[in-house]
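So the sequence shown is numbered by our numbering: it starts at 528 and just counts up by one. A short write-up of the structure that comes next.
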Amino acid sequence: MLEIAPLPPDRRDNFADPIFAIMQIALPDSWNLATLRNLLLQPTCVGCIAKTDRMMIGFLLAQKVDDQLEILSFAVLPQNRRLGIGREMLGWLLRYGCDTGCREIFLDVAADNAAAMALYQSGGFAIYDRRPQYYIRKKGRIDAILMKRSV
Ligand SMILES: CC(C)(COP(=O)(O)OP(=O)(O)OC[C@H]1O[C@@H](n2cnc3c(N)ncnc32)[C@H](O)[C@@H]1OP(=O)(O)O)[C@@H](O)C(=O)NCCC(=O)NCCS
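Shown next, in the form of structure tokens:
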């Protein structure tokens, strides 16, 4: 059975290793373990994980500053995609934002990431800007698409 569980504020860094394991598969150009651990230790960090009875299969990490939430990292294991798990985690963040008085949720996404853009658009996010050549990849630089939605 699928469960979406918030990261416990006092023990977020306990989740560094399993989140990093998913990152290495789903976001291989992303952060190293030390950067992830450091983020999890920040008081502004919020997030949730998706898990089955057996294992963690996804995560969403964001930061809350005043009444704004920014999605920082978000992934579902490849074998568990297109089952609505990403949408469930976005729904969790929206409810969290509502419950804590947030006004907007922001994110940036690589211009070549059609799956994530489709998910965000179906979740009510709209494009408001573009940052040229923002992401550095082995194959070259890719624009960042900036998206937001109100809570
Ligand atoms: C983006 C990601 C988190 C989506 O997770 P997911 O659990 O597969 O998403 P969902 O099943 O909830 O999809 C919800 C909707 O998003 C859209 N969507 C998701 N994946 C899609 C794809 N590959 N192609 C087109 N649309 C897609 C669809 O509208 C989908 O609804 P539908 O299945 O009813 O058509 C997942 O693809 C992933 O981990 N990608 C690699 C990491 C990544 O890119 N993270 C985001 C960084 S900004």
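Just so it is clear, CB atoms sit at the ideal spot from N, CA and C, and this is done for glycine as well.
Taking the alpha carbon of LEU596 as the reference point, which residue from LEU563, ASN607, VAL603 and LEU587 has its own alpha carbon closest?
Cα-wise, what sits closest to LEU596 is LEU587.
Is it true that the CB of LEU534 sits closer than 7 Å to the CB of GLY574?
In this structure, GLY574 places its C-beta atom within 7 Å of the C-beta atom of LEU534.
Under a Cβ-count criterion, where at least 16 other Cβ atoms within 10 Å of its own Cβ denotes burial, should VAL678 be classed as buried or exposed?
The residue is buried, with at least 16 neighbouring Cβ atoms inside 10 Å.
The alpha helix (DSSP H) enclosing GLN590, as first and last residue numbers
Note, GLN590: premise wrong, no alpha helix (DSSP H); beta strand (DSSP E) at 583-592.
Same chain only: Cβ atoms within 7 Å of ALA643, ignoring 5 sequence neighbours per side
Result list for ALA643: VAL636, in chain order.
On a Cα-Cα basis, can you pick out the residue from LEU621, ILE612, ALA577 and TYR662 that is closest to ALA532?
Ranking LEU621, ILE612, ALA577 and TYR662 by Cα distance to ALA532 puts ALA577 first.
8 Å CB neighbourhood of GLN569 in its chain, flanking five on each side removed
For GLN569, the CB contacts under 8 Å within the same chain, skipping 5 residues up- and downstream, are GLN590 in chain order.
Spell out a yes or no on whether the segment 651-663 and the segment 624-631 are touching, meaning 3 or more CB-CB pairs, one atom from each, closer than 8 Å.
Taking a cut-off of 8 Å on C-beta distances, the segment 651-663 does not touch the segment 624-631, as fewer than three cross pairs fall below it.
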